[in-house]
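Counting in the working numbering, the first sequence runs from 33 upward without gaps.
A virtual CB, placed ideally from N, CA and C, is assigned to each residue, including glycine.
None of these values were measured; they are calculated from a predicted model.
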Amino acid sequence: MGDISRAKAGKAGKPADAGAAQAGKDAKLVEDLSDRDDYSRWYLDLVYKTELADESPVRGCMVIRPYGYALWENFQHELDTRIKATGHVNAYFPLFIPASFLDREAEHVEGFAPEVAWVTRAGNEELTEPLVVRPTSEAIIGHMYAKWVQSYRDLPLLYNQWANVVRWEKRTRPFLRTTEFLWQEGHTVHRTEDEAETETMLILRQVYQDFLEKELAIPVIVGRKTESEKFAGALRTYSLEAMMGDGRALQAGTSHNLGQNFAKAFDIKFQDADGVSKLAWTTSWGASTRLIGAVIMAHGDDSGLRLPPRVAPTQAVIVPIWRKEEERVAVEATVSAAESALRAAGVRVKADWREERPGFKFSDHELRGVPVRIEVGPRDAAASQVVLVPRTDRTAKQIVPIAEVAGKVTALLDSVQQALYDQALAFRKSRTYQVTSYDEFRTLLGDRATMGFIEAWWCGDPE
RNA sequence: CGGGGUGUAGCGCAGGGGUAGCGCGCAGCGUUCGGGACGCUGAGGUCGGAGGUUCAAAUCCUCUCACCCCGACCA
33 MGDISRAKAG KAGKPADAGA AQAGKDAKLV EDLSDRDDYS RWYLDLVYKT ELADESPVRG
93 CMVIRPYGYA LWENFQHELD TRIKATGHVN AYFPLFIPAS FLDREAEHVE GFAPEVAWVT
153 RAGNEELTEP LVVRPTSEAI IGHMYAKWVQ SYRDLPLLYN QWANVVRWEK RTRPFLRTTE
213 FLWQEGHTVH RTEDEAETET MLILRQVYQD FLEKELAIPV IVGRKTESEK FAGALRTYSL
273 EAMMGDGRAL QAGTSHNLGQ NFAKAFDIKF QDADGVSKLA WTTSWGASTR LIGAVIMAHG
333 DDSGLRLPPR VAPTQAVIVP IWRKEEERVA VEATVSAAES ALRAAGVRVK ADWREERPGF
393 KFSDHELRGV PVRIEVGPRD AAASQVVLVP RTDRTAKQIV PIAEVAGKVT ALLDSVQQAL
453 YDQALAFRKS RTYQVTSYDE FRTLLGDRAT MGFIEAWWCG DPE
């Protein structure tokens with residue numbers, strides 16, 4: 033199996049050890065998760081091997097394959113539901129932004145200019161005003177908001193858009209950092225500073241944190257970014273940080289209180305109830321396909337992905353086991369009974385009838401992170417039962433009567449969801465340290481085996 | 001931008017003047033099948049590109065392109 037096995041063998045691979053390299057049954061995805069290079073290799077192999085994504089001919093741009101896109105669609109659905117439930121509506125703004133718009137907000141242009149893609153020519157003609165491909169949409173949305181906001185009665189304006197953006201990054205990794213990526217970006221306008229701050233926190237907690245913890249089973253630490261790390265042009269930036277399997281942090285979403293910076297730059301003003309013309313307060317917030325990377329790294333193990341049941345494209349896979357034709361017929365009846373019962377219960381279920389050996393399919397679905405496996409062999413068919421195996425513990429098999437399959441699977445899905453969250457939280461706790469001196473801090477930071485979060489006092493950005 | 005490295009089959013690699021190899025994957029057939037099977041047969045390559053040396057270049061020389069790694073800079 034030329035698979036997820038060894039990275040080290042890859043480079044040093046001579047024909048002599050080619051045979052030994054196919055370690056067979058015991059082949060682990062990685063040998064040592066504390067080795068950063070190995071972790072990186074494990075991640076990449078997993079992304080390609082599971083067919084979540086593939087490399088494209090365009091540098092830094094990936095192709096999101098059907099399995100990865102199905103996962104993204106489930107993320108979208110859950111996030112979108114929360115965004116709408118908190119009073120926002122969806123809209124769509126152009127991909128291209130007049131280059132001059134970016135210049136309006138000094139910090140904004142300074143932050144994004146180095147990674148902006150330009151369009152200077154269309155067909156054979158040079159454009160009179162060059163366009164940039166949006167790296168984010170504050171500029172063009174700010175421009176439109178200035179038109180639409182006249183009175184305090186027009187506020188708040190609570191819009192969101194699902195879109196792609198482009199940032200010309202030098203080092204890219206599928207999902208985690210790509211030149212083009214998909215995301216949602218919310219842009220709101222408010223009457224007062226308090227209201228804008230409330231919105232910023234609402235998105236942070238009730239939309240993002242709730243989504244990450246309940247749907248993706250990823251515990252997060254929410255907090256405020258330092259001055260040097262905040263969004264270019266923001267007053268304050270808040271983010272959600274999740275711990276990955278190597279102990280490092282991944283920013284899983286951001287929510288910005290933009291103050292009046294963009295209102296000033298784009299002239300978003302309204303006449304208040306007291307008749308005075310005032311500058312508005314705006315916010316923006318976003319979460320991207322990077323979340324797929326977060327799920328991979330927060331939950332993945334040596335056997336592959338472990339997808340949270342609530343967002344897994346396939347929640348339960350049925351593996352039929354048979355040899356002779358009459359066995360196949362008997363098994364098929366039980367499989368379809370289970371399949372329709374589960375479908376009726378709202379479970380995303382698939383039966384895997386490929387002409388492969390059962391062991392191969394077991395591994396394959398573990399690799400792809402399917403939360404629950406259902407085995408149906410001749411013995412099960414004869415006894416009107418099925419075997420359930422959760423992805424989180426392959427030794428925890430349970431045999432259930434076919435009549436109870438829907439209830440048992442639903443319950444098992446819930447427990448897998450919970451187990452993933454609990455394990456991620458326990459891991460984070462085991463890798464969170466308190467330090468009281470700079471020396472301790474440095475020692476911990478430098479050691480990959482203990483890589484994790486460090487709680488320490490901080491006296492602010494250096495001048 | 002500075003330093004290093006690599007381009008040979010879909011993927012991972014070997015070969016280093018005599019006309020192309022290995023593993024995986026892929027196709028066909030057979031044996032297998034409750035934890036990643038195996039055998040046989042087969043398909044697949046302008047050896048990154050251009051120029052040069054030579055009877056002969058994947059191999060040597062020159063130029064060029066692309067990508068990767070390490071630094072510096074960074075939502």
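When we look at the beta-carbon of residue i and count the other beta-carbons within 10 Å, is it buried (16 or more) or exposed?
i: Pro150; result: Position check: residue 150 holds Trp in this sequence, whereas Pro was assumed. The residue is exposed, with fewer than 16 neighbouring Cβ atoms inside 10 Å.
i: His120; result: buried
i: Ala274; result: buried
i: Ser203; result: It should be pointed out that residue 203 corresponds to Arg in this sequence rather than to Ser. Under this definition Arg203 is an exposed residue.
i: Lys393; result: buried
i: Asp412; result: buried
i: Asn156; result: exposed
i: His222; result: buried
i: Tyr240; result: buried
i: Val434; result: The displayed chain sequence assigns Ile, not Val, to residue 434. Label assigned to Ile434: buried.
i: Ala415; result: exposed
i: Tyr470; result: exposed
i: Gly492; result: exposed
i: Ile406; result: buried
i: Arg460; result: buried
i: Asp77; result: buried
i: Pro146; result: exposed
i: Trp490; result: exposed
i: Ser309; result: exposed
i: Ser183; result: exposed
i: His175; result: buried
i: Gly409; result: buried
i: Pro422; result: buried
i: Ala370; result: buried
Does DSSP put residue i in a helix, in a strand, or in coil?
i: Gly56; result: Residue placement at Gly56 is flagged as unreliable, the pLDDT there being 30, under the threshold of 50; the coordinate-derived value follows with that caveat. The answer is helix: DSSP assigns Gly56 an H, G or I state.
i: Leu214; result: strand
i: Thr346; result: coil
i: Met94; result: strand
i: His222; result: strand
i: Asn156; result: coil
i: Ile115; result: helix
i: Glu12; result: Because the chain here runs from 33 to 495, residue 12 falls outside it and cannot be looked at.
i: Met176; result: helix
i: Ser287; result: strand
i: Ile235; result: helix
i: Met329; result: helix
i: Val421; result: strand
i: Val441; result: helix
i: Trp150; result: strand
i: Phe302; result: strand
i: Ser183; result: strand
i: Arg386; result: coil
i: Tyr72; result: With the sequence shown as reference, residue 72 is identified as Ser, and Tyr is not the correct amino acid for it. Correct three-state label for Ser72: helix.
i: Leu127; result: coil
i: Glu87; result: strand
Using 8 Å as the threshold, is the C-beta distance between residue i and residue j below it?
i: Gly336; j: Arg400; result: yes
i: Gly291; j: Trp313; result: yes
i: Tyr71; j: Leu84; result: no
i: Phe144; j: Pro167; result: yes
i: Val496; j: Ala348; result: Since the first residue of the chain shown is 33 and the last is 495, residue 496 is not available in this structure.
i: Thr232; j: His288; result: yes
i: Ala297; j: Leu311; result: no
i: Gln238; j: Thr118; result: yes
i: Arg484; j: Gly279; result: Reading off the sequence, residue 484 comes out as Gly, not Arg. Yes, these two residues count as a Cβ contact at 8 Å.
i: Val418; j: Val402; result: no
i: Ile300; j: Ala178; result: yes
i: Thr424; j: Leu452; result: yes
i: Glu227; j: Pro340; result: no
i: Asn293; j: Leu267; result: yes
Check the C-beta distance from residue i over to residue j and give it rounded, since I have them as a contact under 8 Å.
i: Leu374; j: Val381; result: 4 Å
i: Val404; j: Val367; result: With a Cβ gap of about 15 Å, Val404 and Val367 do not count as contacting.
i: Pro130; j: Glu158; result: Rounded, the Cβ-Cβ distance is 15 Å, inconsistent with contact.
i: Ala344; j: Ile250; result: Contact flag wrong, Cβ pair sits at about 14 Å.
i: Pro206; j: Ile172; result: About 28 Å; that fails the 8 Å criterion.
i: Val141; j: Trp200; result: 15 Å between Cβ atoms; not a contact.
Is any non-hydrogen atom of the ligand SAH found closer than 7 Å to the C-beta of residue i, if you look at the structure I gave you?
i: Arg114; result: The ligand SAH is not part of this structure, which contains no ligands at all.
Legend entry - Three or more C-beta pairs below 8 Å linking the stretch 295-308 and the stretch 317-337: no
Legend entry - Cβ contact (3+ pairs, closer than 8 Å) linking the stretch 324-339 and the stretch 95-114: yes
Legend entry - At least 3 beta-carbon pairs within less than 8 Å: the stretch 347-360 vs the stretch 250-268: no
Legend entry - Sufficient close CB pairs (3 or more, under 8 Å) joining the stretch 82-96 to the stretch 199-219: yes
Inset, instruction - Determine contact between the stretch 181-190 and the stretch 122-129, defined as no fewer than three beta-carbon pairs at a distance below 8 Å. - result: no
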